[in-house]
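Numbers 1 to 202, taken from full-length UniProt numbering, label the letters of the sequence shown in order.
Only one structure is covered here, and it is reproduced in the block below.
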Amino acid sequence: MLPAAAQPSAPPPRGSWFDPTQLPSFTGTVERWLINPAGAYDRMLFREGAQVVFPPHVSEPMREAAPAGQAITIWGVRARGAPVVTMLAWSTSPDREPSFVDRPAWFTPTDARGTEQLQVSGTVRVPLFSPQGDVIGAILTDGSVLRMSAEAADGRITAGRKIAASGIGSRRDDMVALDVERIGPDPDKLEPLPAPRIERRP
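Shown next, in the form of structure tokens:
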């Protein structure tokens, strides 16, 4: 992502105590918009590799204004150790006033689940990051999203790796997103994710 040129800002959303356009800005080209396992759009992948997270209720005007291949500038908070930005404002042109996010993604529940049993396989494009920068799954080259806990994802997700998974999720616009229940190198070798470790206190 490239730093964006400065531009005049519109008034911030009601209730906001700061101007989001004073935050770092990033410009990139939309590679694709991504859904979560509940079927809602809540993430965008830049062609340059970074991810942008936002609440689903702002996705429709963004996707209409910036389809795949369109440049877009976002303002937000980037995780310290991963290329993921929580978006607070966006614009598609220096001549357009930024649009603000009234309820950023860190205030939005991220555990919404789907209802359909699904299975996908493919190649990892990039890890799926939480807003804090933890690896919580994978984005495949076809846009499929695999979500799991950071503990389960540890050591399993590498760009370019072949992967298959099954679980409960959703289909939308030729895309699939699911919460992983079984995972493996191919569809014939799926194994259940290990149970979460329980820390026992002395």
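Note that beta-carbon positions come from the ideal geometry of N, C-alpha and C, so glycine has one too.
Here the structure is a predicted model, which means the values were calculated and not measured.
| Check | Outcome |
| --- | --- |
| Hey, A164 and S121 are a contact pair by Cβ (cut 8 Å); roughly how many whole angstroms apart? | 4 Å |
| Considering only the beta carbon of each residue, do A71 and T29 sit closer than 8 Å? | yes |
| If you draw a straight line from the alpha carbon of M62 to that of D102, how long is it in whole angstroms? | 14 Å |
| Specify, as a first and last residue, the run of the beta strand (DSSP E) that residue 269 falls within. | There is no way to answer for residue 269, as the model of the chain reaches only from 1 to 202. |
| Apart from the five residues just before and just after F54, which ones in its own chain have a Cβ nearer than 7 Å to its Cβ? | D42, M87, V101, A105 |
| Could you compute how far the alpha carbon of K162 sits from the alpha carbon of I35? | 21 Å |
| Nearest-angstrom Cα distance between G114 and D173? | 15 Å |
| How is the beta strand (DSSP E) around A153 delimited, first residue to last? | Not the beta strand (DSSP E): A153 falls in the alpha helix (DSSP H), residues 150–153. |
| Can you give me the C-alpha to C-alpha distance between L190 and A138, rounded to a whole angstrom? | 16 Å |
| Thinking C-alpha only, which one of I168, D188, P192 is nearest A38? | I168 |
| Where does E31 land, buried or exposed, given buried means 16+ other C-beta within 10 angstroms? | buried |
| Residues bridged to I136 by DSSP? | Its beta-bridge partners do not exist; DSSP assigns none. |
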